[in-house]
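Asks: Residue numbers for the sequence shown follow the working numbering, so the first one is -4 and each next one is one higher.
Glycine included, every Cβ here is placed at the ideal spot set by N, Cα and C.
Please read all numbers here as calculations on a predicted model, not as lab measurements.
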Amino acid sequence: MDARVRLEAPTLLARVATPDTPPEAPLLMPQQPVSDKRVRVHGESDGRWRLGAMLAVALGVTGFATAHAWSLMNTDGVSLLEWVGLALLAANLAWISLAGATAVAGAAVLMAREPYERRPSLPPLDTNSLTAIVFPIRNEDTSRVTASAQAIHDALNTAGAADAFEFFFLSDTTDPELAREEEEAIHRLRAVRPQATVFYRRRTLNYGRKAGNMSEFVRRWGGRYDYMVVFDADSLMSSDALIELVQRMDAQPVTALIQTVPSLVNAQTLMARSQQFAMRAYGQIFGTGLAWWSGGAGNFWGHNAIIRVGAFAAHAGLPELPGKGPLGGHILSHDFVEAALLRRAGWRVEIAPEIEGSYEESPPTLDDLVARDRRWAQGNLQHLKLLGARGLDPVSRAHIFSGVMGYASALLWFSLILVSATLAWLIPPGASAAGGTDISLLLLTVLIVLSPKWLALILWAFGRLPGWSRRPAFLAGLFTEAAISAATAPIMMISQAQAVIAPFLGRDCGWRPQARVAAKASNGNRFVPQLIAGLTLCSTMLVNVGFAAWTLPVAISLLLAAPIASGLSFAPNRRSWLWSAMATPEDLRTPPVVSAAQRAASRLSWQRAIEQRRAIVPAPAVATALVGARIVETSVARL
């Protein structure tokens, strides 16, 4: 019988004890001022000239396109509404041109390196250093998280590095029943892996949300650790990735944070699979371009990154924002700000797309993606109050501005469409560019927006797209993802525009955990604004057929938002062409740590089912179920 099953069986009958914490090793973590003097790093370009090159390209494209649009409109003078449209067009083009330039830079770097340039040889892992693998959790399915921790520990143990890492679960769970399940899950993990060092702490006062959870950990136990690797509830990392992160931190004492570029895994629904394919095909391109122009002033995305604990404690204590309501008080999107504060203090912050073996999951449905965007939009909009803060590195300021524009651009696009629709009603067709007779601007916009896709196609054709072979199936995935992206982009535009407006109306998004499992049906009421916007666009057909024709794809997407969302929540069979069309390298060859986490989660689900059954059936029936579970668990463990 599998040894792991023999270890797991007693946990079904034992009384769960409250997991403990290590002795406190406090660090001071002072709150940083919003504005402060910057500590400059000698001998570094800070990526500023590269960012300047990106901005020059973006402004050049924007200037050319805006001038062309103005020349088309200026045949009989430019009205005030047309000037508003030109300003919105310029703002949107500048944003997508910067993103496109980043993608081109990333593709150029990938094309120029054969093979992809690696770091210099790293020193052996220092067994005297200690790294915390930190899981901040709140109202999550903890059994899935502990399954990931078990898989990571097993991989580290196989690599002979388990003693250099400890697991720390930081709970902000508010539901008493979920809190009890958390304690049970931690107890099971300790029982099946007694050699692993596993700690658990649950806060009863959720001050500062996730950022407060992390800072409380640093203040109480930060002195115990050299580094911490921050995970989300759905994060995974291979032992090679974890060890390399620690080695790089040991080799670079001026580096405070290294952010990996995670690949998405375990996607089941069409929506999640399209996100997974896009991230795997285009994420490395963007990540490489971003790393190229960021230099030592990179960014932090909140998870799948390693942090030097001492530097974090000394310089990354978040300030409170002035004002009340959704845009004041505690900083929600803490990661961008923490990276900027570390850089301001003179530390390097790096983005490392070349580190393989970093994974996370995607929201399963369009509804879940919309819900997540509401939280992220509110947090990123808070950063408007930090853009003018004194002492920030110019590149850090660019990251913060990009985070704001990631959502504000949706409102700008929607505003441009509204202005164009109004002009279509007011101005006869052919009187100006508003009539839609000139298609060059549309083609330029499409070319820029689709730049990640055609760049990925070029890299794939030359065998330079990281992780991908030159199998023709990649083309099917590219076109399938493009179709789904085209169908959902207008829907997301309206949802994100709503998310941008809501905080300014005093609406707080709340603090809810991300959905990890697809719901059975889409909430059609959520897409009423899309329906109204679609009908508005269709109404222009009555007065301006040219404008209505080129906005027809957008209108159709908006009108069909609810059925599109419902259809994309479908999970295709693994043997179907819908599944294989968007198969990523991780789908075709599951990484060992991912498959190990899946097996551990299956065993834990059996245990939970038996425990729930034990509560309502006689003991003999439980014994029978336990024997059956052991047989199934043994079979799963041997897969």
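Check for me: the beta strand (DSSP E) holding residue 202 runs from which residue to which?
Replies: Unbroken run through residue 202: none, as it is neither H nor E.
Asks: Would you identify the three-state DSSP class for residue 223, choosing helix, strand or coil?
Replies: Three-state result, residue 223: strand.
Asks: Strictly by DSSP, which residues pair up with residue 312?
Replies: Partner(s): 26.
Asks: For residue 353, does the three-state DSSP call read helix, strand or coil?
Replies: In this structure, residue 353 counts as strand in the three-state DSSP scheme.
Asks: Compute the distance between the beta-carbons of residue 589 and residue 150, then report whether it is under 7 Å.
Replies: No, Cβ-Cβ distance for residue 589 and residue 150 is not below 7 Å.
Asks: Tell me the DSSP bridge mates of residue 301?
Replies: In DSSP, residue 301 forms a bridge with 224 and 253.
Asks: Considering residue 130, what are the terminal residues of the beta strand (DSSP E) in which it resides?
Replies: 126 to 132 is the extent of the beta strand (DSSP E) around residue 130.
Asks: Residue range of the alpha helix (DSSP H) that residue 538 falls in?
Replies: First-last for residue 538: undefined, no H or E at that position.
Asks: Nearest to residue 461 by alpha carbon, out of 499, 82, 605 and 350?
Replies: If we check each option's Cα against that of residue 461, 350 comes out closest.
Asks: When the distance is taken between beta carbons, is residue 128 closer than 7 Å to residue 224?
Replies: Result yes, Cβ atoms of residue 224 and residue 128 sit closer than 7 Å.
Asks: Report all residues from its chain with a CB closer than 6 Å to the CB of residue 520; omit the five preceding and five following residues, and keep chain order.
Replies: So the list is empty, once near-sequence residues are dropped.
Asks: Could you check how far apart the C-beta atoms of residue 120 and residue 159 are, in whole angstroms? I think they sit under 8 Å.
Replies: Going by Cβ atoms, the distance from residue 120 to residue 159 rounds to 6 Å, so yes, they are a contact pair.
Asks: Between residue 365 and residue 490, is the Cβ-Cβ spacing less than 7 Å?
Replies: Cβ distance < 7 Å, so residue 365 and residue 490 count as in contact.
Asks: State the Cα-Cα distance for the pair residue 29 and residue 319, rounded to the nearest angstrom.
Replies: In a straight line, the C-alpha of residue 29 is about 16 Å away from that of residue 319.
Asks: Since residue 292 sits in a beta bridge, which residues does DSSP pair it with?
Replies: Answer is 344.
Asks: Are the beta-carbon atoms of residue 652 and residue 34 separated by less than 7 Å?
Replies: Any question about residue 652 goes unanswered here, given that the chain covers just -4 to 634.
Asks: Give a yes or no on contact between the segment 43 to 60 and the segment 287 to 304, applying the rule of three or more CB pairs nearer than 8 Å.
Replies: The segment 43 to 60, when compared against the segment 287 to 304, does touch it at the 8 Å Cβ threshold.
Asks: Opposite residue 635 in the DSSP bridges: which residues?
Replies: Because the chain is modelled from -4 through 634, residue 635 falls outside the range shown and cannot be assessed.
Asks: With distances taken Cα to Cα, identify the nearest neighbour of residue 572 among 297, 471 and 605.
Replies: Nearest option by C-alpha distance: 471.
Asks: Do you know whose CA, among 469, 440 and 322, lies nearest residue 90's CA?
Replies: Selected option, being the one with the closest Cα: 440.
Asks: Quick one: what does DSSP say residue 179 is sitting in, helix, strand or coil?
Replies: Helix, per DSSP.
Asks: Quick one: Cα of residue 215 to Cα of residue 302, how far?
Replies: Their backbone Cα atoms lie some 16 Å apart in a straight line.
Asks: Beta carbon of residue 106, beta carbon of residue 459: below 7 Å?
Replies: The answer is yes: Cβ separation under 7 Å.
Asks: Is the Cβ-Cβ distance between residue 217 and residue 304 less than 7 Å?
Replies: Yes, Cβ-Cβ distance for residue 217 and residue 304 is below 7 Å.
Asks: Taking the C-alpha atoms as reference points, what is the distance between residue 58 and residue 96?
Replies: Spanning the two alpha carbons is a distance of roughly 15 Å.
Asks: Going by the CB atoms, is the gap between residue 343 and residue 391 shorter than 7 Å?
Replies: No, Cβ-Cβ distance for residue 391 and residue 343 is not below 7 Å.
Asks: Residue 571 lies in the alpha helix (DSSP H); which residues open and close that run?
Replies: Where residue 571 is concerned, there is no enclosing alpha helix (DSSP H), given that its DSSP letter is neither H nor E.
Asks: Determine the burial state of residue 479: buried for a count of at least 16 other Cβ atoms within 10 Å of its Cβ, exposed for fewer.
Replies: Answer is buried; the Cβ neighbour count reaches 16.
Asks: Can you tell me which of 375, 602 and 296 puts its alpha carbon nearest to the alpha carbon of residue 496?
Replies: Minimum Cα distance to residue 496 is reached at 375.
Asks: Should residue 277 and residue 102 be called a contact, given that it needs their Cβ atoms to be closer than 7 Å?
Replies: Against a cut-off of 7 Å, the Cβ pair of residue 102 and residue 277 comes out as no contact.
Asks: For residue 19, report the span of its beta strand (DSSP E) as first-last.
Replies: Where residue 19 is concerned, there is no enclosing beta strand (DSSP E), given that its DSSP letter is neither H nor E.
Asks: Measuring from the CB of residue 563, is there a heavy atom of the ligand COA at a distance below 6 Å?
Replies: Although the ligand COA was asked about, the structure shown includes no ligands whatsoever.
Asks: Check whether the segment 258 to 275 touches the segment 190 to 208, taking contact to mean three or more Cβ pairs, one atom from each stretch, closer than 8 Å.
Replies: As far as the Cβ criterion goes, the segment 258 to 275 does not touch the segment 190 to 208, which means the pair count is below three.
Asks: Does the distance from the CB of residue 369 to the CB of residue 556 come in under 7 Å?
Replies: Taking 7 Å as the Cβ cut-off, residue 369 and residue 556 do not qualify as a contacting pair.
Asks: So, using beta-carbon positions, are residue 396 and residue 334 closer together than 7 Å?
Replies: No, Cβ-Cβ distance for residue 396 and residue 334 is not below 7 Å.
Asks: Quick one: is residue 430 buried, meaning 16 or more other Cβ sit within 10 Å of its Cβ, or exposed?
Replies: Low per-residue confidence applies at residue 430: pLDDT is 45, beneath 50, and the placement is therefore not dependable enough to give any value.
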